[in-house]
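Read the structure below first, then the notes.
Residue numbers (the numbering used here), protein chains in the order written: chain A, 1 to 72; chain B, 1001 to 1175.
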């Protein structure tokens, strides 16, 4: 069964179900992969930042609240 | 303050599933937009996310900050210059059978000629007490486009929306 796309025309209320074209299927796969990779990279960056922050706090021997107090 | 809601359009996914849901020709006659979603997709996990784009813009024009929780921990994520907005958190194939997530997206001032901020809250409805799958999320987002929003496209991160998923778009006026 072909993948469907649902188009809702808000001006007319018409709902249309269409089969994805081969080009749309290929583009969809590429877009999904790109989004997964971008999201994974952002998640990894956030994790690395949190890890580095925790390591620095440990090295300094202070808590996050104490660090915030220093910067206030 | 917005005080009136009008249903613009609604759709329920049929037996064939849906690779995306595309609201087109959104009228510019309201103050705000609100999208109510009840979704589940075919990803083989408890949770998934949805890629949302406005006006068919898949450029690197979306940023978001999200706080989320799993069955055992909480966390936050920061995304900038993405090609879509990630709408968390929808139920996927490993969530409790026949459960659908609840998600609301609120877009104030969608006809503004400035960048558009919007908020998303979503919960993955499932009986999971532990694990690493995200069960809820609150997200503050920004689309840098300056055109009036006239189209909203929702695409699952993985797989397809399953039958009985629904999406309803409301317009809100401030008078």
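No residue lacks a Cβ here, since even glycine has one placed at the ideal position from N, Cα and C.
| Query | Result |
| --- | --- |
| Can you check which of these residues, B:1175, B:1170, B:1159 and B:1174, is closest to residue 1017 of chain B by C-alpha distance? | B:1159 |
| Using DSSP's beta-bridge definition, name the partner residues of residue 1053 of chain B. | B:1153 |
| Give every residue of the same chain whose Cβ lies closer than 7 Å to the Cβ of residue 57 of chain A, excluding the five residues on either side of it in the sequence, and list them in chain order. | 63, 64 and 67 |
| Mind listing the chain B neighbours of residue 39 of chain A? Cutoff is C-beta to C-beta under 9 Å, in chain order. | 1049, 1077, 1079, 1082, 1086 and 1157 |
| Return the residue from the list B:1009, B:1006 and B:1015 that minimises the CA-CA distance to residue 1163 of chain B. | B:1015 |
| Identify each residue in the stretch 4-27 of chain A for which the Cβ-Cβ distance to at least one residue of chain B is less than 7 Å, and report them in chain order. | 4, 5, 6, 7, 8, 9, 10, 11, 13, 15, 17 and 20 |
| Would residue 1175 of chain B be called buried (16 or more neighbouring beta carbons within 10 Å of its own) or exposed? | exposed |
| Buried or exposed: which applies to residue 1098 of chain B, given that a residue is buried once 16 or more other Cβ atoms fall within 10 Å of its Cβ? | exposed |
| With 8 Å as the C-beta to C-beta threshold (strictly closer), list the residues of the stretch 1011-1024 of chain B near chain A in chain order. | 1011, 1013, 1014, 1016, 1017, 1018, 1019, 1020, 1021, 1022, 1023 and 1024 |
| I want to verify the contact list: residues of chain B whose CB lies under 9 Å from the CB of residue 62 of chain A, in sequence order. | The premise fails here: residue 62 of chain A is roughly 21 Å from chain B at the closest Cβ pair, so nothing lies under 9 Å. |
| Might you give, ordered along the chain, the residues of its own chain that have their beta carbon closer than 8 Å to the beta carbon of residue 1104 of chain B, omitting 5 neighbours on each side? | 1034, 1035, 1036, 1037, 1120, 1121 and 1122 |
| Quick one: which chain A residues come within Cβ less than 9 Å of residue 1169 of chain B? | 8 and 10 |
| Within the continuous alpha helix (DSSP H) that includes residue 14 of chain A, where are the two ends? | Segment: none, residue 14 of chain A is in no alpha helix (DSSP H) and carries neither H nor E. |
| What is the DSSP secondary structure of residue 52 of chain A, reduced to helix, strand or coil? | helix |
| Quick one, are the C-beta atoms of residue 1131 of chain B and residue 1071 of chain B less than 8 Å apart? | yes |
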